[in-house]
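Asks: Chains as they are written, first to last, in our numbering: chain X, 1 to 503; chain E, 504 to 609; chain R, 610 to 747.
Sharing a structure, written as structure tokens. Questions coming.
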Amino acid sequence: MKLLALNVPLPPAADMAAFAPELIVTATAVAVLLLPFFLTRSRRDRLTAAVTALGAAAAAVAAGAFFVRGGSHPAFSGLLVADRLSSFLRVLIFGFLALIAVMWLITASRRRNDATVIDAPEFFTLLIAATVGMGMMVSSVNLLMVVVGIELASLPSYAMAGFQKQQRLGAEAAMKYVVFGAVTAAVMLYGVSLLYGVYGTLSVDRIAASVASAGTIPPVAVIGMLGLLAGVGFKISAVPFHFWCPDVFEGASVEVATFLSVASKAAGLALLLRLVYAVGGFAGAAPHYAGSIALAVGILATLTATLGNLAALAQDNLKRMLAYSSIAHAGYVLMAVAILPTDGQGISGSPGAQALVLYLLVYLFMNLGAFSVVALVYNRTGSERIEAFAGLGRRAPLLAIPMALFLVSLVGLPPMAGFAAKFQLFYALFVYQPISLRWLVVVGLVNTLISLFYYMRVVRAMFLQTTDDGPIEVSALAAGWVIAMAVPVTGLLVVWQPLTKLF
Amino acid sequence: MNHVLHIGLNHYLVLAAILFAAGLCTMTLKRNAIGILIGVELVLNAANVNLIAFSHYGTGLIDGQVTAIFVIVLAAAEAAVALAIFLNFYNRLATVDVDRGDRLRG
Amino acid sequence: MTWAVMGITLFVLLGVAFVLGSLLAGKLIRPSIPHPQKGEIYECGEPTVGDSRIQFDLRFYVVALVFVIFDVEVALLYPWARVYLQNARTAFVDLLFFFGVLLVGFAYLWRFGYLDWVRSSAGQQRGGQTSGDEDIAA
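Okay, here's the thing in structure tokens:
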């Protein structure tokens, strides 16, 4: 029985423990798929969402435990890493999954003919699978895992975008999404294959070490990196790869749009930060080519934020406007990615990562809140257009006032959490960025000014326009949910200082 | 005298580059969604040829080959999802011409 | 030009010449008696039914997609089989998990009628599915 002797050890228990959140969420997906075997239709939908929320919350707690314990744990022969950055983002992403499940219970489950209600187990299995992919994206330090993570996050998202099979817009959104995603994924894989050829490894750290020792990046590797950027840029809808975003948000159901606007972009941005940081800040000290990498990211950020804000000005559909707004916000966070280390610090506590994490945390709550209001208004009026919000301040003050808070926060005006996020970002840009990139602060401020116009248009419609439409009935649960989202958006400023210390 | 053509790394790289170029042209020029998907598969296969050739002639490690296997599985999963979505689109519009998807714009 | 290239060129030329030569010989030797029936499509002697460019039943696609998914998973078994003997116990448990998850998906498809050629109304009630692609075809 010599052959059966264990030569290769089991994956160490520590590796499994570090990725317990992913395991918990995967088990939840299996459980959700098994639920309909034992339950009748009538009780199934709500229970599916509840199980998803509980599983995701448990995973977030598990990731939080690892975050509190701290340290960096490379797992599975260096394919994945569990450090403070990845743990915090996994708390964020899995916690967000739990919140999405609750939001679905409050908004979507009221809709009679909604496909996500009728096929709830399938919808939630897709949702959970995509989230697992995003959890892998924020932890991957190997290009194979990057590819697998992005694809695992994308494939269920395509299906979710077209989940409303009866609707033409859903079908169209899903087709645009899948065509665009498949093309960028293919280009990304070709880029990865070129990088593998040049550096003989798929490990991001070893590639970074090779780049650092060579001092330059050969043209073939640059092409490979651009291919990789196409794949990641697609996930965060950075500008040349953003075309899918507004169409998918408009065609998909509100809950799916909410999920994609936060989780997908958060995972992609964290992944990009990790990649840029590895190559641009090898061993903690910025090498001389880091300046050009930071400049490239900075230009990408400028284009993304500016185009997102300008296009949002022209939108009448609120979901489409929020899609362009999410492109713009991805642009702001990309500015954080451009902050490279100046001294020998690890990625987890670096100013760029700090600004990114705080921004994403705030963005999660304000976007979730704004989309929830859009969903609730849609449930009552059947419209997602800005006209449906006319006079909302009188018709449903419990929705309109929190919505105004979310929008003010999305602009980034002082009393709101959005201000803390933006201030932290611009401060980090100004202090830690080399002089050559400080103009990004100006870009950010000008963009904030532009964004004021379209966000305030909604506020004006809600409070200054009048209509003859009667009041909108809001259930106590829905009002409570929206107000619960408004609390962190208004109150986060109080705990701003401790929050920055947290990470 | 060497009677056998020596096939080396460069031959595979050229093959992969040709596949990539063909795939890129297909993806950009085709208006038919299925055609675009075929282009995607060509590019994925180009990546696979690259990965396996680099793995064989380069480090001698098998990580490139393992990646290629993952790519095969990913490509199949992607094709399955994409075809299902195209089918759904076809049921709504009776076409798979991507230019006909023009209801969402702005 | 190397010997190998010369050899291949010669081989290709001879092959083409042989094919063209036999066709030319047949053309010269055989009698020419045209008949409309000779121009018809030969399909085991049966007259053809309909156009060959028909649209396939959509139900084929659903079954084919399911088949592709389960078929290609076998590719992931190759590296597993390669290292099996190095670490049989771990590999075995790994595979149980891998197949376990796949089986849950398969059981779902089976139970809720995605594998049925004509989806039964009982399956629809059990699963409560709405108009999937296969319903439109049915």
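Every residue, glycine too, gets a C-beta built ideally from N, C-alpha and C.
What you are looking at is a predicted structure, and each value in this text was computed from that prediction instead of being measured.
Can you pull the chain X residues whose beta carbon is under 8 Å from the beta carbon of E/Arg534, in chain order?
Replies: What you label residue 534 of chain E is simply residue 31 of the second sequence in a count that begins at 1. Ordered by position in chain X, no residue passes the 8 Å Cβ test against E/Arg534, which lies about 11 Å from the chain.
Asks: Taking CB distances under 7 Å as the criterion, tell me whether X/Glu151 reaches chain E.
Replies: As a first step, residue 151 of chain X is located in the first sequence; it is residue number 151 there, counting from the start. For X/Glu151, at least one C-beta of chain E is nearer than 7 Å to its own C-beta.
Asks: Does the Cβ of X/Ala13 have 16 or more other Cβ atoms within 10 Å, making it buried, or fewer, making it exposed?
Replies: Here the question's residue 13 of chain X lines up with position 13 in the first sequence. Burial call: exposed.
Asks: Applying a beta-carbon distance threshold of less than 7 Å, which residues of chain E neighbour X/Gly200?
Replies: Residue 200 of chain X sits at position 200 when you count from the first residue of the first sequence. What X/Gly200 touches in chain E: Gly561 and Thr562.
Asks: Using a 10 Å radius around the Cβ and a threshold of 16 neighbouring Cβ atoms, would you call X/Glu172 buried or exposed?
Replies: For this step, residue 172 of chain X is matched to residue 172 along the first sequence. Answer is buried; the Cβ neighbour count reaches 16.
Asks: What runs of the beta strand (DSSP E), each 3 residues or longer, lie entirely inside the region 85-109 of chain X?
Replies: Correct list: empty.
Asks: Would you decide whether R/Glu649 is buried or exposed? Buried here means 16 or more other CB atoms lie within 10 Å of its CB.
Replies: Along the third sequence, one-based indexing puts residue 649 of chain R at 40. Looking at its Cβ environment, which holds fewer than 16 other Cβ atoms inside 10 Å, R/Glu649 is exposed.
Asks: Any chance you could list the alpha helix (DSSP H) runs of at least 4 consecutive residues sitting entirely within the region 111-194 of chain X, in chain order?
Replies: Unbroken alpha helix (DSSP H) runs of no fewer than 4 residues, entirely contained in the region 111-194 of chain X, are found at 115-118, 120-139 and 143-161, following chain order.
Asks: What are the boundary residues of the alpha helix (DSSP H) that X/Ala263 is part of?
Replies: Here the question's residue 263 of chain X lines up with position 263 in the first sequence. That residue, X/Ala263, is in no alpha helix (DSSP H); it is neither H nor E in DSSP.
Asks: Could you round the C-beta distance between X/Phe88 and X/Phe67 to whole angstroms and report it? I think they count as a contact, below 8 Å.
Replies: Locating residue 88 of chain X in the first sequence gives position 88, where the first residue counts as 1. Locating residue 67 of chain X in the first sequence gives position 67, where the first residue counts as 1. Contact flag correct, Cβ pair sits at about 5 Å.
Asks: Please report the Cβ distance between E/Ile572 and R/Pro688, rounded to the nearest whole angstrom; I am assuming they are in contact, meaning their Cβ atoms lie under 8 Å.
Replies: Locating residue 572 of chain E in the second sequence gives position 69, counting from the first residue. Locating residue 688 of chain R in the third sequence gives position 79, counting from the first residue. E/Ile572 to R/Pro688, Cβ: 6 Å. Contact.
Asks: Helix, strand or coil, according to DSSP, for X/Asn317 in the structure here?
Replies: Numbered from 1 along the first sequence, position 317 holds the residue referred to as residue 317 of chain X. Strand, per DSSP.
Asks: In terms of alpha-carbon separation, which member of X/Gly133, X/Phe123, X/His73 and X/Gly70 lies closest to X/Leu23?
Replies: Position 23 of the first sequence holds residue 23 of chain X. The option with the nearest alpha carbon to X/Leu23 is X/Gly133.
Asks: When you compare the CB of X/Leu33 with every CB in chain R, is at least one pair closer than 7 Å?
Replies: The residue you call residue 33 of chain X lines up with position 33 of the first sequence. Output row for X/Leu33: interface = yes.
Asks: Going by DSSP, what residue range makes up the alpha helix (DSSP H) through E/His559?
Replies: Position 56 of the second sequence, counting from 1, holds the residue named residue 559 of chain E. Taken as a continuous stretch (DSSP letters only), the alpha helix (DSSP H) holding E/His559 covers Ala536 to Tyr560.
Asks: Using a C-beta cutoff of 7 Å, does E/Gly538 count as contacting chain X?
Replies: As a first step, residue 538 of chain E must be located in the second sequence, where it is residue number 35. No, because no Cβ of chain X sits closer than 7 Å to the Cβ of E/Gly538.
Asks: Let me know if R/Val625 comes out buried or exposed under the rule of 16 or more other beta-carbons within 10 Å of its beta-carbon.
Replies: Residue numbering aside, residue 625 of chain R sits at position 16 when the third sequence is read from its first letter. With fewer than 16 Cβ atoms within 10 Å of its Cβ, R/Val625 is classed as exposed.
Asks: Quick one: what does DSSP say X/Leu80 is sitting in, helix, strand or coil?
Replies: Position 80 of the first sequence, counted from the first residue, corresponds to residue 80 of chain X. Looking at X/Leu80 - three-state DSSP - the assignment turns out to be strand.
Asks: Less than 8 Å between C-beta atoms, sequence neighbours within five positions excluded: which residues of the same chain meet that for X/Asp205?
Replies: Taking the first sequence and counting its residues from 1, one reaches residue 205 of chain X at position 205. Only Gly78, Val141 and Ala278 meet the Cβ criterion.
Asks: Does the count of Cβ pairs from the region 471-486 of chain X and the region 393-400 of chain X closer than 8 Å reach three?
Replies: yes
Asks: Are the CB atoms of X/Met485 and X/Gly412 nearer to each other than 7 Å?
Replies: The sequence position of residue 485 of chain X within the first sequence is 485, counting from 1. The sequence position of residue 412 of chain X within the first sequence is 412, counting from 1. Their beta carbons are not under 7 Å apart, which means X/Met485 does not touch X/Gly412 by this criterion.
Asks: Pull up the DSSP beta-bridge partners for X/Ser203, would you.
Replies: On the first sequence, position 203 is the one that residue 203 of chain X refers to. The partner list for X/Ser203 (beta bridge, DSSP) reads X/Asn142.
Asks: Please identify, using Cβ separations under 9 Å, the residues of the region 676-703 of chain R that lie next to chain E, in order along the chain.
Replies: Val677, Ile678, Asp680, Val681, Glu682, Ala684, Leu685, Tyr687, Pro688 and Arg691
Asks: Would you verify that the beta carbon of X/Ser350 is, or is not, closer than 7 Å to some beta carbon of chain E?
Replies: Your numbering for residue 350 of chain X matches position 350 in the first sequence. So no, X/Ser350 is outside the interface.
Asks: How about X/Phe163 and X/Trp244: are their beta carbons less than 7 Å apart?
Replies: Looking up residue 163 of chain X in the first sequence gives position 163. Looking up residue 244 of chain X in the first sequence gives position 244. Not a contact, by the Cβ cut-off of 7 Å.
Asks: I want to know whether the region 191-211 of chain X touches the region 547-562 of chain E - three or more CB-CB distances under 8 Å.
Replies: Yes, the region 191-211 of chain X touches the region 547-562 of chain E.
Asks: Quick one, are the C-beta atoms of X/Asn113 and X/Ser261 less than 7 Å apart?
Replies: As a working mapping, residue 113 of chain X is identified with position 113 in the first sequence. As a working mapping, residue 261 of chain X is identified with position 261 in the first sequence. Contact flag unset, no.
Asks: In the DSSP assignment, what are the bridge partners of X/Arg385?
Replies: In the first sequence, the residue the question calls residue 385 of chain X occupies position 385. BP columns for X/Arg385 point to X/Asn317.
Asks: Can a CB atom of chain X be found closer than 7 Å to the CB of E/Ile521?
Replies: In the second sequence, residue 521 of chain E corresponds to position 18, counting from 1. No, because no Cβ of chain X sits closer than 7 Å to the Cβ of E/Ile521.
Asks: With X/His73 as the anchor, note down where its alpha helix (DSSP H) starts and where it stops.
Replies: The residue given as residue 73 of chain X occupies position 73 in the first sequence. First-last for X/His73: His73 to Ala75, but that is the beta strand (DSSP E), not the alpha helix (DSSP H).
Asks: For X/Val459 versus X/Leu407, is the C-beta distance shorter than 7 Å?
Replies: Mapped onto the first sequence, residue 459 of chain X falls at position 459. Mapped onto the first sequence, residue 407 of chain X falls at position 407. Going by C-beta atoms, X/Val459 is nearer than 7 Å to X/Leu407.
Asks: Need the endpoints of the alpha helix (DSSP H) that E/Asn594 sits in, please.
Replies: Here residue 594 of chain E refers to the residue found at position 91 of the second sequence. Unbroken alpha helix (DSSP H) run through E/Asn594: Asp566 to Leu596.
Asks: For X/Gly280, count neighbouring C-beta atoms within 10 Å of its own C-beta (all shown protein chains included) and say buried if the count is 16 or more, exposed if not.
Replies: Locating residue 280 of chain X in the first sequence gives position 280, counting from the first residue. Flag for X/Gly280 reads buried.
Asks: When DSSP labels each residue in this structure, what does X/Ala338 get in the three-state scheme?
Replies: Residue 338 of chain X sits at position 338 when you count from the first residue of the first sequence. DSSP places X/Ala338 in coil when its eight states are reduced to three.
Asks: When the Cα atoms are used, what is the spatial distance from X/Trp496 to X/Met188?
Replies: Mapped onto the first sequence, residue 496 of chain X falls at position 496. Mapped onto the first sequence, residue 188 of chain X falls at position 188. Looking at the two C-alpha atoms, the distance is approximately 38 Å.
Asks: So, is X/Gln424 buried or exposed, given that buried needs 16 or more other C-beta atoms within 10 angstroms?
Replies: Numbered from 1 along the first sequence, position 424 holds the residue referred to as residue 424 of chain X. Its Cβ being crowded by 16 or more others within 10 Å, X/Gln424 is buried.
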